[in-house]
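Residue numbers for the sequence shown, in our numbering: 406 to 640.
Ideal placement from N, C-alpha and C gives every residue a C-beta, glycine not left out.
Please read all numbers here as calculations on a predicted model, not as lab measurements.
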Amino acid sequence: MKNIKKNQVMNLGPNSKLLKEYKSQLIELNIEQFEAGIGLILGDAYIRSRDEGKTYCMQFEWKNKAYMDHVCLLYDQWVLSPPHKKERVNHLGNLVITWGAQTFKHQAFNKLANLFIVNNKKTIPNNLVENYLTPMSLAYWFMDDGGKWDYNKNSTNKSIVLNTQSFTFEEVEYLVKGLRNKFQLNCYVKINKNKPIIYIDSMSYLIFYNLIKPYLIPQMMYKLPNTISSETFLK
C-alpha cells in the first residue's frame with residue numbers, strides 16, 4: 406500500500422477514495438496519544454460516535470490557543486483541519502472567544518471510548534486511575550481542567566484543584582481513592598456549588614508537580630501555584 410501523507414488529503418471531501426485510504430493506513434493511537442487522551446477526557450474533551458459506536462472521534466474546545474495548537478500537534482495525523490475560532494456573548498454580556506478542533510472518526514479511538522462511554526454518556530470506571538492513569542494523563546487532566554486553589558497573586562497556598570463537577574459523587578470518590586493509592590497524593594472531595602471537585606492538599610504539591618512537570622507546556626504555567634516560577638520550570 407502506498408504511504409499517503411496528511412497534506413494530500415486535508416481538503417478532500419469525506420467520500421474521497423484517497424482520504425479513505427489515508428484513514429485505513431492508520432491503525433491505532435500511539436502511547437502518548439492514548440495516555441494524554443485519558444487526561445483530556447477526564448477534563449473537557451469529548452469523545453463521541455456518530456455511527457452507534459462503530460467509530461469515535463475526539464472534540465476539543467478551549468480558550469487557550471497555544472494549548473489547542475499543542476493538542477492538535479499531538480494528534481496531528483488524526484486532525485485534518487486547523488483550529489477554528491468561536492465567538493459568543495455570555496450571560497454577563499461579555500465576548501468569549503474559544504478555539505475548537507476535532508479528530509476524524511476512527512476505530513483507533515474506540516479503546517478510549519471503551520474506558521469512558523456507557524449508554525452514550527461519559528462515566529468513570531472504579532479502576533480507571535489504578536489501571537490506566539499515568540503521570541502524562543494526570544498532566545493533561547490538570548492542564549485541561551485543573552488549577553491552583555488560590556489565584557490571589559500574593560498567595561503562598563500550594564493546593565491544587567481538579568474540576569470534576571460533571572461527574573457523580575461516587576465517580577469522584579473513585580478518582581480520589583485512585584490518586585491516593587497510586588500516586589500517594591493527599592486529596593479529597595470538596596463541594597463547589599453542590600458539585601464535587603478534587604482538592605489536592607499543599608503537602609502533596611511537590612509530589613504532584615514532579616509527576617506532571619515533564620509534560621507541562623509553558624503556556625499553562627499560570628495554573629501552577631506561585632511558588633513555582635517560570636524560571637524554575639524552564640531549567
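CB-CB under 7 Å to aspartate 606, same chain, minus the five flanking residues each way: which ones, in chain order?
Ser564, Asn591, Cys592
Applying the 10 Å Cβ sphere with the 16-neighbour rule, what's the burial state of lysine 468?
exposed
Would you identify the three-state DSSP class for arginine 453, choosing helix, strand or coil?
strand
Extent of the continuous beta strand (DSSP E) to which glycine 551 belongs
551–553
Terminal residues of the alpha helix (DSSP H) in which asparagine 586 lies:
574–588
DSSP three-state assignment for leucine 445, whether helix, strand or coil
helix
Please go through the same chain and pick out, in chain order, the residues whose beta-carbon is closer than 7 Å to the beta-carbon of arginine 493, but skip the five residues on each side of it.
Val501
List the residues that DSSP assigns as beta-bridge partners of threonine 503.
Lys491
For serine 542 and leucine 417, the rounded distance between their alpha carbons:
33 Å
Specify whether the segment 462–482 and the segment 502–522 touch according to this definition: at least 3 beta carbon pairs, one from each stretch, less than 8 Å apart.
yes
Can you grab the Cα-Cα spacing for the pair glutamate 636 / threonine 539, in whole Å?
Residue confidence for glutamate 636 is low, a pLDDT of 42 falling below 50, so the modelled location carries little weight; the figure read from the coordinates is stated next. Whole-angstrom Cα-Cα distance: 26 Å.
Output the distance between the C-alpha atoms of isoleucine 436 and lysine 491, rounded to the nearest integer angstrom.
31 Å
Which first and last residues belong to the alpha helix (DSSP H) in which glutamate 466 is found?
Element bounds for glutamate 466: not the alpha helix (DSSP H) but the beta strand (DSSP E), 462–467.
Threonine 460 to valine 534, Cα distance in whole Å?
24 Å
Neighbourhood of asparagine 495 by C-beta distance below 7 Å, restricted to the same chain and skipping five residues each side
Val501
According to DSSP, is proline 601 helix, strand or coil?
strand
Does the separation of the CB atoms of asparagine 631 and threonine 561 fall below 8 Å?
yes
Using 10 angstroms around the beta-carbon of valine 523, count the other beta-carbons present and answer buried if the total reaches 16, otherwise exposed.
exposed
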